[in-house]
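Below you'll find the structure, written out as structure tokens, and then a few comments.
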Amino acid sequence: MAGRFRPPTPTTRTTFRGGHTPVPPPPNAPLDPRSDPDPDLSPTPTSAPGLAPDLGLTLGPLRRGPADPTFRVTPDGSVWRASRTPEGPGTIRLAAVRDGAPTADAWGPGATWLLDNAPALLGAEDDPAAFVPRHKLVLASLRRRPGLRLTRTGLVLESLIPTILEQKVTATEAYASWRQLVRTFGEPAPGPAPEGMYVMPDARTWTRIPSWEWHRANVDGKRSATIVRAARVAARLEEAVLMDPPAARRRLELIPGIGPWTSAETIQRSNGAPDEVTTGDLHLPGIVGWALAGDRAADDEAMLDLLAPYAGQRHRAVRLILLSGRVPPRRAPRMAPGDITRI
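Numbering that gives the first Met the number 0 puts the first residue of the sequence shown at 0, with every later residue one more than the last.
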């Protein structure tokens, strides 16, 4: 009987990558009136009837570290995001409501765009019923997380730039670089957002960041050059949200410095792609191999073979594996963070 009452999986590096972002349960009280925006814009229901997304699990992949200046969870159970939309900067607050669909409030020039896209952000375009678990571990993980939905932001650059920063470095380094660049070159989030929230820089600003500022942010020349190249053709990259995921990835990979790892991690978020698998990752094949077959030495080919029964839903399967927290025993020390600012 004890196994039926096991506590939830604790947050670890692996579950965080799977999108595990703890969000307090919604209170019985109504939303805080002090931050009520334009009554013509809010509150807005964000989900179709019957859809009850878990805010932490659904939006968790958009959070770049515990101190991400574009993402905040508050004690009242709200999730705040600051985004740069096609209509300008905006802040959105998403709040779960007991026995009802989540609601959204938004501020800034991009408020209307954010509200229009809030249902997709919360997984309204996702079809969790299409997923059939084939392994006991995946089934158990799914049963513990019925509110998991795959988000679709509709914004490419917003996911692409922090993903490029994560290339070939530790997550700790990448998150610190993202924080510094957004706080230095972004702008304060509109509306009554929590203190310290910022909207990321626009495409033109990314192309004008001086080389010494990249260095101060601990970003090497290869990654900074890739970001600049992407920002120069931002309009063309944003068109990828209207493409099917394979075509969208091909569009991104036309940029030198963007390969399969980066394109998959981006399109999973911007397009809500349920079947796009991240390949070329240092740890993921071993995690999937260990969870599904006890093979800690699995490579990309072996991982894809193991995920073949989930064709069409492989990304969701990987999310559930990561959220299970099952990882192979560590045999070597973690990769040591680097710091080029000392050079």
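Glycine included, C-beta positions come from ideal geometry on N, C-alpha and C. Predicted, not measured: the structure shown is a model, and the values here were computed from it.
Taking a contact to mean a Cβ-Cβ separation below 7 Å, would you say Ala290 touches Leu93 in this structure? No, they are not a contact pair.
Sorted by chain position, which residues of the same chain lie with C-beta nearer than 6 Å to Asp37's C-beta, five sequence neighbours on each side aside? Because the pLDDT at Asp37 is just 41, under 50, the model does not fix this residue reliably, and the point stays unresolved.
Near Trp260, what residues of its chain come up, given a Cβ to Cβ distance below 7 Å and the 5 sequence neighbours on each side ignored? The residues are Thr277, Thr278, Gly279, Asp280.
Is DSSP giving Gly258 helix, strand or coil here? DSSP places Gly258 in coil when its eight states are reduced to three.
Status (buried if at least 16 other CB within 10 Å, exposed otherwise) for Glu237: By the Cβ-count criterion, Glu237 is buried, with 16 or more other Cβ atoms from all chains shown falling within 10 Å of its own Cβ.
What residue range does the alpha helix (DSSP H) around Gly285 cover? For Gly285, the enclosing alpha helix (DSSP H) covers residues 283-292.
Helix, strand or coil: how does DSSP classify Ile320 here? In the structure shown, Ile320 sits in a helix (DSSP, three-state: H, G or I).
Starting from the Cα of Leu121, find the closest Cα among Pro23, Gly59, Arg341 and give me that residue. Closest option to Leu121, Cα to Cα, is Gly59.
Straight-line CA distance for Thr356 to Pro284? Outside the displayed span of the chain (0 to 342) sits residue 356, for which this structure offers no information.
Can you tell me which of the three DSSP states Gly87 falls into? DSSP places Gly87 in strand when its eight states are reduced to three.
Determine the direct distance from the alpha carbon of Ile208 to that of Val326, and round the result to whole angstroms. Distance from the CA atom of Val326 to the CA atom of Ile208, rounded to whole angstroms, is 39 Å.
Can the beta-carbon of Leu322 be found less than 7 Å from the beta-carbon of His134? The answer is no: Cβ separation not under 7 Å.
Could you check where the beta strand (DSSP E) with Arg71 kicks off and where it finishes? Note, Arg71: beta strand (DSSP E), 70-72.
Would Pro88 and Gly64 qualify as a contact pair, given that the criterion is a beta-carbon distance under 7 Å? Cβ atoms of Pro88 and Gly64: not closer than 7 Å.
For Leu54, name the three-state secondary structure that DSSP assigns. Leu54 falls in the helix class under three-state DSSP.
Once the 5 residues before and after Ala129 are set aside, which same chain residues still bring their CB inside 8 Å of it? Pro273, Gly311, Gln312, listed in sequence order.
Excluding the 5 residues flanking Ala51 on each side, which residues of the same chain have their C-beta closer than 7 Å to its C-beta? Non-local beta-carbon contacts of Ala51 in its own chain, meaning distances under 7 Å to residues more than five positions away in sequence, involve Gly146 in chain order.
Beta-carbon proximity list for Met242, same chain, < 7 Å, skipping 5 on both sides: The residues are Arg250.
Length of the line joining the Cα atoms of Pro9 and Leu319: Pro9 and Leu319: Cα-Cα distance of roughly 14 Å.
Around the Cβ of Leu180, are there at least 16 other Cβ atoms within 10 angstroms (buried) or fewer (exposed)? Buried is the call here.
C-beta atoms of Thr340 and Arg215 nearer than 7 Å: Yes, the pair counts as a contact, with Cβ atoms nearer than the cut-off.
Under 7 Å between C-beta atoms of Thr206 and Val227: Yes, these two residues count as a Cβ contact at 7 Å.
Just to confirm my understanding: we take Gln166, look at its own chain, exclude 5 residues before and 5 after, and list those with CB closer than 7 Å. What are they? Arg222, Thr261.
Within the continuous alpha helix (DSSP H) that includes Glu172, where are the two ends? Counting along the chain, the alpha helix (DSSP H) containing Glu172 begins and ends at 170-184.
Collapsed DSSP secondary structure at Leu93 in the structure displayed: Strand at Leu93.
Pick from Pro328, Ala297, Glu194: whose alpha carbon is nearest that of Thr13? Just measuring C-alpha positions, the residue of Pro328, Ala297, Glu194 sitting nearest Thr13 is Pro328.
Use the C-beta contact count for Trp177: other C-beta atoms within 10 angstroms, 16 or more gives buried, fewer gives exposed. So Trp177 counts as buried.
Let me check you understand the geometry: is the CB of Pro127 closer than 6 Å to at least one non-hydrogen atom of the ligand ZN? In terms of ligand content, the structure shown is empty, and the ligand ZN therefore cannot be addressed.
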